[in-house]
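Worksheet: one structure, shown below.
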Amino acid sequence: MRVIIVGAGLGGLALARFLRRADIDVSVHERDEAFEQRPQGARIHLDERGIGALHACLTASESRFLDATLGQPDEYVTILDESDLAIVKRRKSIGREGNPNAIRPGASASRRIVRRLLAHGVHDTIRFGSALTGYTEHTAGVTVRFADGTVDEADFLVGADGIGSAVRQLRLPGATVSDSGLRLLQAKTPITPELIATGVIDRIEGSFTLTAIGDVQAIIGAVRFGEQPAAAAERLIPGFDPGDLHDYVMWGLLLRRHQLGDLDRDFTRRSPAGLSDHLRSVTATAHPVFKLLFDQAFPDQFHGLAMGTSREVPAWTPGRVTLLGDAIHAMLPTRASGANSALQDARRLADAILSVHAGAQAWEHAIGGYENLLRRDGFQAVRASLNGVRELDEDLTTAAASVDS
-14 MRVIIVGAGL GGLALARFLR RADIDVSVHE RDEAFEQRPQ GARIHLDERG IGALHACLTA
46 SESRFLDATL GQPDEYVTIL DESDLAIVKR RKSIGREGNP NAIRPGASAS RRIVRRLLAH
106 GVHDTIRFGS ALTGYTEHTA GVTVRFADGT VDEADFLVGA DGIGSAVRQL RLPGATVSDS
166 GLRLLQAKTP ITPELIATGV IDRIEGSFTL TAIGDVQAII GAVRFGEQPA AAAERLIPGF
226 DPGDLHDYVM WGLLLRRHQL GDLDRDFTRR SPAGLSDHLR SVTATAHPVF KLLFDQAFPD
286 QFHGLAMGTS REVPAWTPGR VTLLGDAIHA MLPTRASGAN SALQDARRLA DAILSVHAGA
346 QAWEHAIGGY ENLLRRDGFQ AVRASLNGVR ELDEDLTTAA ASVDS
């Protein structure tokens, strides 16, 4: 059996790991020219879906490395007063399992490290600079075509290529993405003794932290590794380069489209230097501690995101081409479900493909069952993320009112 995966994000790489462990021939095609051609987010919250999938596809030593480097559990939403950084509100963010609107229990992790860890076992299967242009399904499988003229054959094609998925646009042209009107200017800053001395790290650790800078919302989260990644790698995975070596703060400015004006046209394509210049213009009134946080950010880690959400689509007939993660259910980050959903999809799809490979199920039944869960849980997470935006707005409004009074 052979599987072609389009997209080398967390979900695509996890699926490749699952399939390779079962000795299934797998090829990953990534349109970027290099593995870290562009920043792709700094901090993720891993709950039981994500951690369970990672443990199931990683080796024993890689799993121990993951556990050793996870940060503190994210248990709260904390609101800081923008004038003096006092905590004006703190509420439990973690809800009971089964509540679709709650953030599930888990811990913070470096997205960069998790992605490198997944690629560590399948790097030889990844073809960079390989963009899909089309495919043809037939009774025995699928013929896949790429921009460089390459034509390949597989039993299954999987679109794990994110919110702008080329596979989805061909497979389900009616499955579209709505522009939320929200933009995220994101970067990360090393945790230095100077930053620790301000006391802000103690306030934000173990929580999703929000504050306002004028009419801009700021989202802040710390990643403080249980064990420093370089030491853990040397002890458990000699030769592995984790990329992120020290504790850091992930932060983002949540902007509305109208606040960017003409800059919105190329916001997601702007260079880190261009985004840094814009940052200074919108944070002129920020508290000195936040200015320190912004000024000490890694200069090459600024990136802009246009935040969209997938429109729910009715059931479709299973085929040899399927999807996972943001390629079909892109969501806002307010419920910390994006990475976890993609990793859960990868595990479920691997189980479906392996059942076909073992002769336990017809492929139509296996893929159809996977896609039923994909729609049910994926679109539920999309709806919860939209509810999360409203809740965050209410939190900041309530916090502002309490300060004014």
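Residue numbering for the sequence shown follows this note's numbering, beginning at -14 and increasing consecutively. No residue lacks a Cβ here, since even glycine has one placed at the ideal position from N, Cα and C.
Figure out for me which residue from the options has the closest Cα to the Cα of residue i.
i	options	result
SER93	GLY344, LEU264, MET292, SER322	SER322
LEU169	GLU356, HIS14, GLN365, GLN25	GLN25
THR302	ALA351, SER256, GLY211	ALA351
HIS272	LEU70, ARG296, CYS42	LEU70
LEU264	LEU238, LEU277, ASP249, ARG254	LEU238
ALA19	SER115, VAL73, LEU103	SER115
PHE210	ALA291, HIS108, SER95	SER95
PRO257	ASP17, GLN346, GLN22	GLN22
ILE189	VAL201, THR183, ILE205, GLY126	ILE205
ARG254	ASP226, LEU278, LEU290, GLY363	LEU290
GLU297	MET235, GLY363, LEU358	GLY363
LEU230	PRO214, ASN357, ARG241	PRO214
ARG101	ASP226, GLY246, ALA151	ASP226
GLN329	ASN372, ARG361, ASP187	ARG361
GLY56	ASP249, GLY344, TYR233	TYR233
With respect to the beta strand (DSSP E) encompassing residue i, which residues constitute its N-terminal and C-terminal limits?
i	result
GLY144	141 to 144
ILE176	Careful: ILE176 lies outside any beta strand (DSSP E) and carries neither H nor E.
THR419	Here the chain covers residues -14 to 390 and nothing more, so residue 419 does not appear.
ALA197	192 to 198
ALA94	91 to 95
GLY134	GLY134 -> no beta strand (DSSP E), and no H or E assigned at all.
SER12	10 to 15
GLN202	201 to 208
Verify the contact flag: residue i, CB atom, against every heavy atom of the ligand FMN, threshold strictly below 6 Å.
i	result
SER295	Because no ligand of any kind appears in the structure shown, any question about the ligand FMN cannot be addressed here.
Leaving out five residues before and five after residue i in sequence, what residues of the same chain have Cβ atoms less than 6 Å from its Cβ?
i	result
SER370	MET316, LEU317, THR319, ARG320
PHE50	ALA217, LEU221, ILE222
LEU339	ALA7
ALA(-7)	VAL13, GLU15, ILE111
GLY91	HIS30, LEU31, ASP32
LEU(-2)	LEU103, ALA104
GLY83	For GLY83, the predicted structure reports a pLDDT of 49, less than 50, and the residue's modelled location is therefore unreliable. The matter cannot be settled from this model.
Determine whether the beta carbon atoms of residue i and residue j lie at a separation below 7 Å.
i	j	result
ALA1	THR110	yes
VAL393	GLY106	Outside the displayed range of the chain (-14 to 390) lies residue 393, so it cannot be described from this structure.
VAL208	ARG97	no
SER306	LEU142	Checking the displayed sequence, the identity of residue 306 turns out to be Val instead of Ser. Yes; because the gap between Cβ atoms is below 7 Å, this pair is in contact.
SER163	MET292	no
MET374	HIS314	The sequence shown places Val at residue 374, not Met. No; because the gap between Cβ atoms is not below 7 Å, this pair is not in contact.
GLY(-4)	LEU309	yes
ILE88	ASP311	no
GLU212	ALA53	yes
GLY126	ASP140	yes
VAL267	VAL201	yes
PHE287	LEU260	yes
HIS40	SER48	yes
For residue i, which residues in the same chain have their Cβ closer than 7 Å to its Cβ, ignoring the five residues on either side in sequence?
i	result
THR128	TYR120, THR121, VAL136, GLU138
LEU4	VAL(-12), VAL11, ALA335, ILE338
LEU377	LEU195, THR319
PRO58	PRO90, GLY91, ALA92, GLY191
VAL274	LEU70, THR183, VAL185
LEU358	ARG333
Span of the alpha helix (DSSP H) holding residue i?
i	result
SER266	257 to 267
SER295	Element bounds for SER295: not the alpha helix (DSSP H) but the beta strand (DSSP E), 288 to 295.
VAL341	323 to 342
HIS40	33 to 42
VAL185	185 to 189
THR54	45 to 54
GLU219	214 to 221
Among the residues of its own chain, which have a CB less than 8 Å from the CB of residue i, if the five just before and after it don't count?
i	result
ILE9	MET(-14), ARG(-13), VAL(-12), ILE338, LEU339, HIS342
GLU379	none
GLY304	GLU122, ARG156, ILE352
ARG75	TYR61, VAL62, THR63, ILE64, SER192
Q.
With three or more beta-carbon pairs closer than 8 Å as the criterion, would you say the segment 158 to 178 touches the segment 276 to 284?
A. Yes, since at least three Cβ pairs between the segment 158 to 178 and the segment 276 to 284 fall closer than 8 Å, the two stretches touch.
(Q) Measuring CB atoms only, is the segment 62 to 71 touching the segment 194 to 203, in the sense that at least three cross pairs come out at less than 8 Å? (A) yes
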